[in-house]
Amino acid sequence: MVGITVLLLSENEKVKNMEFILGLIMEHMKWVLSGIGVPIITYIFFKKYSAQNIVVKIEQNGNDSIVNDTRNNFGKTNDVVCVSGASYQMKVGKKHKWLRESVLKLTLRQMTRFYGLDEVSKLENYENGKVELPIGMIEKLECFFFINSDVIDGDKPYIFKSFHLSQPSIHDLFEQGFLPKIACCPYDRGDLLCFVVMYKEEDGFTRIISSDLVGSFKSSGRGRMNIQYLIEELIARNIPDYEVSVLTATTEDWKRLQTNCYYDTDLFHRLGAVDQECMNIFSQWYDETLKVRNLNNHKMW
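Structure below.
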């Protein structure tokens, strides 16, 4: 028996989320004092928790039915499908198929090659629930594509992990062969918010991980510092600023970044995607940082 349910945030639920906002303020007090915290917290509340947005839920209920978030392309919301009475291997198989088709956009053959299986039908049997998906395959999928644990066989609301936006984290990702892109908010341009997105082509597949914090091209405090971490690492590696694409995300991609649901091998590239305003500021900050570093190196000599 298949039922269709659409979950919306009510105004009462939005009020309840004030506890979350207060916790966010206390946790990121430095943001508030730097001048970027208040706009970011306001932004999160009214955008991420507005009554117009669909709740992203993957939950298990009492009668052993599963509720899968099956949003097409992660922005265009589809129905939330309920499958009652499914076994564990059936639930995991359906979740895997959803991740492969709707999130990673991989064919059966590509996914079969990813796992090193010798027959496509073996993967079909896993996804159809005829055979239980082995733990080792689940762990390989989670590790390679940065999928949160318990998404495929649990109730995690957000699909992907994020990296902490700091210079050590960016350094480690560069060391692993990842490269950066900057995805800028397409609306609310007063703060010029952005995410740092790191990506890597490996064994014919694309690995993508986004920052846990946003930067701001209008900030002189923490918002700038979150971008400065990347600039410092670029200069340390003699990578020019123009090798980093600064692009305007689509509205749907920005929502995916906010909810740790972003995965797209196009990586924001499309006609007219260059964010000229943010790119100019990024180049300016890069030049300023390079001059300061060269001056300091000259003084040392």
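Read in order, the letters of the sequence shown are residues -14 to 286 in this note's numbering. From the three backbone atoms N, C-alpha and C, an ideal C-beta is built for every residue, glycine too. What you are looking at is a predicted structure, and each value in this text was computed from that prediction instead of being measured.
Taking DSSP as the reference, what is the three-state secondary structure of S35?
Legend: pLDDT at S35 = 39, less than 50; position of this residue unreliable, value from coordinates given subsequently. The answer is coil: DSSP assigns S35 none of H, G, I, E or B.
Report the CB separation of E217 from Q152 in whole angstroms; it is logged as a contact under 8 angstroms.
6 angstroms
My output table needs one value for T191: the three-state DSSP class, helix, strand or coil.
strand
Could you tell me which of G189, K79, F145, K90 sits nearest to K115, measuring between CA atoms?
K79
Whole runs of the alpha helix (DSSP H) within the stretch 97 to 182, excluding any shorter than 4 residues:
105 to 112, 120 to 130, 152 to 160
Euclidean distance between Cα positions of Q243 and I123:
25 angstroms
With respect to the alpha helix (DSSP H) encompassing L219, which residues constitute its N-terminal and C-terminal limits?
207 to 221
Should F267 and D226 be called a contact, given that it needs their Cβ atoms to be closer than 9 angstroms?
yes
Selected residue, minimal CA-CA separation from L89, among Y271, K276, G257, L252
L252
Using the beta-carbon count (16 or more within 10 Å), is Y271 buried or exposed?
buried
Note down, in chain order, each residue of its chain lying with its Cβ closer than 8 angstroms to the Cβ of L198, except the 5 sequence neighbours on either side.
H149, L150, N211
Find the nearest neighbour of K203 within the set M75, D173, R94, E112, judged by alpha-carbon distance.
D173
Nonlocal neighbours in the same chain, by C-beta distance under 6 angstroms from D249, ignoring five residues either side
none
How far does the alpha helix (DSSP H) with V292 in it extend, from its first residue to its last?
Outside the modelled stretch of the chain, which goes from -14 to 286, sits residue 292, for which no answer is possible.
Alpha carbon to alpha carbon, what distance is there between V259 and D140?
37 angstroms
Given a threshold of 16 other Cβ atoms within 10 Å of its Cβ, counted over all protein chains shown, does R94 qualify as buried or as exposed?
exposed
Can you tell me which residues form a DSSP beta bridge with E262?
Paired residues: none, contrary to the question.
If we ignore side chains and look at the alpha-carbon of each, how far apart do K61 and G101 end up?
With a pLDDT of only 36 at K61, under the threshold of 50, the placement of this residue in the model should not be trusted; the figure read from the coordinates follows. Roughly 33 angstroms between the two C-alpha positions.
Please tell me whether I167 and C263 are closer than 9 angstroms, where the distance is taken between their beta carbons.
yes
Could you work out which residue in C128, S230, Y247 is closest to G257 when comparing CA atoms only?
S230
Proximity of I120 and H81 at Cβ, strictly below 9 angstroms:
no
State yes or no: is the C-beta of K146 within less than 9 angstroms of the C-beta of N282?
no
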